[in-house]
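For reference, the structure discussed in these notes is given below.
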Amino acid sequence: MSKEQKEKVVENTTTDSTKEKNNMTSFFSRFKKQVKTFNLKNNESTTSINNNHLDESALEKELREKEKEVKLKEKELKQRALELENAKKKFEEQQRKIEEERKKNELARAERERLEKERIAREKELERQRIEKEKAEKREKERLEKERIAREKELERQRIEKEQAERRKREYRRKEKEFQILEDKKKVEFLQKENEMREHENTLLSLQTTLISLEDKIEEKKLTIATLKNRNADKEKITLEEKRLNSLVAQKQITQKDIASEKKIIEKIQKNLEIEYKLNGLKKEIHSIKKEVINEDETAFKVKYIDNNVRNIFVVSIIYIKAYISKKVFRQKVENYDQIKKVSKNIKVRIATSVILAIILSICFLVTLKFISSAKEHYVSFGETNTTAVDTTEEMKKQKEAEEKAKILEAQEKAAAARIDSDAQDEEITAKLAGSFTSYSFDVDRQVTVNKKIHAFKSASWSDQGEVIEPGTKLTVNKIVSPAGYLMYQISSGNLQGQFITANEKFVSVDSKNDQLENFISRPVAIKFLATQNVYSDETASKVRVTFGNGAQLNINGIGINNNRLIYHVSDGSFVPVNPVRVIEVSRETPKTKNIDSNDNKNASNSQSNQRTTR
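Here you go:
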C-alpha cells in the first residue's frame, strides 16, 4: 500500500469522524461507516497489490497496523466528544444561573417599587388618620364634658338614693331587731304557759288515777258489806264498813270536783294559748308584708323578678297583665307563666297592678265621656290673648328641658355601651382579690364566641383592662392561663392579639376545639398549704368540709376545671381551689398528712358545742 493511499484512508477516517462528532451520532454508527470505508479501501488496495504483485502477508500486516491506529483514533475522538458534551452542560448551567439571577433582580426591583408605593400610601394614610384623630379627639373632649356633667348629676342622684336606702335599711334592721326581741319574749311566755298547762294536766292525771283507785276501794267495801250481811255478822262491823264506805264516797266527790276544776283551768289556758298563737301569727304575717314592702335587697318600688334581678313593680305588673291576657284571653302559650304569677302575688306588685288597672279604667271612662258629651265651640277672649306670650315662653322652657333630658339619656346610653355585664364584673373583682400569680398554662387551639360584654386584658392579671368586647365577637385563642386559679384565654389573632379574656363558659362559648385539653388532668402529686385554707366536699367549692392550717399536706389525683376555676381533686374525694398564694405542689410522700374525717368530727363537735352555748 502506497503512502498516498494511506493518507487518503486517514483523511477519509478523519473527515468521517469530524462529521460524526458534529452531528452528535453514536459510536456504533461511526464505527460502521469506518468499516465500510475500510472495506472499500481494502478492495482498492487488493487490486493495486495484484497489479503491483505485492506479497499478501505484508498487506495483512499493514492492515492490522492500520486497524490499531483506527481504534486509537476512535478512542481519542470518543474522549473528545465526552469533553464537548460536559462543556455544553457547563455552558447551559451557567446560562440557567444567569437567567435565574436576572429574574431575581427583576423581582427585587419590583418588590422595591411595591414597597415604595406602599410607603407613600402609608404616609398618606397616616396623615389622614392624624387629621381624623385630631377631629375625633375634639369630639371626644366635647363628649367627655357632656358625660361628666351627666355623670355628676347621676352620681348625685345615686348618692341621694343610696342615703335613702341606707336610712331605710337601718330603720328596717331596727324594727326587725325589735320584732325579734318581742318574738323571743313571746316564745318564753308561750313556753311558760305550756309548762303551766302541762302541770295542770299532770295534776289532772294524778286526780284521775286517785279517782279510779277510790272507785275500786268503794266497790270492795260494797262487796265486803254485802258478804257481812249474807253471813249475818255483827251490826257493829257492818256499820263500821258503811262509815268507811261513806268516807270513800265523800273523797270521790271531792276528787271529781277537783278534776272538773282542773279541766276548766286547762281549757281556759288552752283557749288563751290558741288566741295568742293566732294573734302572733297575724303579727308575723303583718311583719312579713312589711318585709316584702321594704327589705334589704328591695325598695318600695322594686321587687325581684323571675331572673333574680331587681325590677320596678310597675314594669312587673305590666308584664303580668300582658301574660295574663295572652294566656286567658288569646289562649297563647306563655313562657314562665307560673313564675310570673308567683311574683305577681307580692303585695307591692298587687298594689301596682291595681293602680295600673284603675288608670286604664279611668282613661277608658274619660274617652267614653269625650265621645258621649256634645262638642263645644272654642273661642279666644280678649283676656286670653294676653297670656299667649307667657304660654310660648313656658313651652320653650319645656322644650329646652326635654332637649336636656334627651342629651342626658344619650350620654347615659353611651356610658351603658361601655359598661360590661354585671356577672363578668363580679368575676373580675373576685379574681383580682384572689391574686395575680399564674399557676398553670395550657396550649390550646380553639375558636370562641363572646356571648356577653366583657373586658379584654393586656396581661394575665385581671387588672390591666383593655377595650370592651361586644357580644357576638368571634376570636381565635391559643393558650389558657390561670392567674390565682381563675382561667383566661390568650387571643392569637386580630386586633386583640396577645391580650387576654375570661375563659368562663357563661361569657365565652367554644365554637370549635382542635386540642386534647380535658376538664380533668391527671397529676398524682401532693399539695402543701401555705396559709389557712378551706377544703370543700363538692367540686363547686361551696360546701366547706374542713379547714387546714399552714404546713398541712394532702395527696391529690389531678386537677379539674369547674366554673372557670382550677380545682385540686384530693384522694379522699374532697376538693381544694388552686391558688399559688395559699397552696403549692410537693412530693407525694407525705407522712404528716392529716385525716379529714377526724377533722370533720372535731368541727362537728365544735359546732354542736357552739350551738349549745348560744342556746
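According to the working numbering, the residues represented by the sequence shown are 975 to 1589, in order.
Just so it is clear, CB atoms sit at the ideal spot from N, CA and C, and this is done for glycine as well.
Note that the structure is a prediction, hence the values are computed from the model and not measured.
Here DSSP, grouped into helix, strand and coil, assigns Asn1079 to helix. Secondary structure at Thr1447: coil, using DSSP grouped into helix, strand and coil. Listed as beta-bridge partners of Val1560 by DSSP are Ala1500. Bounds of the alpha helix (DSSP H) holding Lys1296 are 1287-1298. The beta carbons of Val1451 and Lys1427 sit no closer together than 8 Å. Judged by DSSP secondary structure, Val1308 falls outside any alpha helix (DSSP H); it is assigned neither H nor E.
If you compare the alpha carbons of Lys1448, Ser1511, Ile1533 with that of Phe1494, the shortest gap goes to Ile1533. By the beta-carbon neighbour count (other beta carbons within 10 angstroms, threshold 16), Glu1137 is exposed. In this model, Lys1098 and Glu1402 are separated by some 41 Å (Cα to Cα). When the beta-carbon positions are compared, Met1171 and Ile1280 stay at least 8 Å from each other.
Counting only residues of its own chain and dropping the five nearest sequence neighbours on each side, Ala1326 has a CB closer than 8 Å to the CB of Ile1287, Phe1288, Val1290, Ser1291. Shortest Cα-Cα distance from Arg1539 to any of Pro1551, Leu1528, Gly1547, Asn1531 involves Pro1551. No beta strand (DSSP E) of 3 residues or more sits fully in the stretch 1135-1164.
Here Glu1121 is buried: its Cβ has 16 or more other Cβ atoms, across all protein chains shown, within 10 Å. In the three-state DSSP reduction, Val1341 falls in the helix class (H, G or I). In the three-state reduction of the DSSP assignment, Thr1184 falls in the helix class. Gly1534 is bridged by DSSP to Phe1494, Ile1541. Taken atom to atom, the span from the alpha-carbon of Leu1219 to that of Ala1234 is near 23 Å.
Distance from Val1482 to Val1422 at the Cβ level is roughly 5 Å; contact confirmed, criterion being Cβ atoms closer than 8 Å. Secondary structure at Val1223: helix, using DSSP grouped into helix, strand and coil. Look at Val1555 here: in three-state DSSP terms it is coil, with no helix or strand label. In the displayed model, Ser1235 falls within a helix according to three-state DSSP. Using a Cβ distance threshold of 8 Å, Ala1505 and Asn1524 count as a contacting pair. In this structure, DSSP gives Ile1454 an extended state, which the three-state scheme calls strand. For the pair Ala1408 and Gly1459, the CB atoms are nearer than the 8 Å cut-off.
Between the C-alpha atoms of Asn1537 and Pro1457 there is a straight-line separation of about 15 Å.
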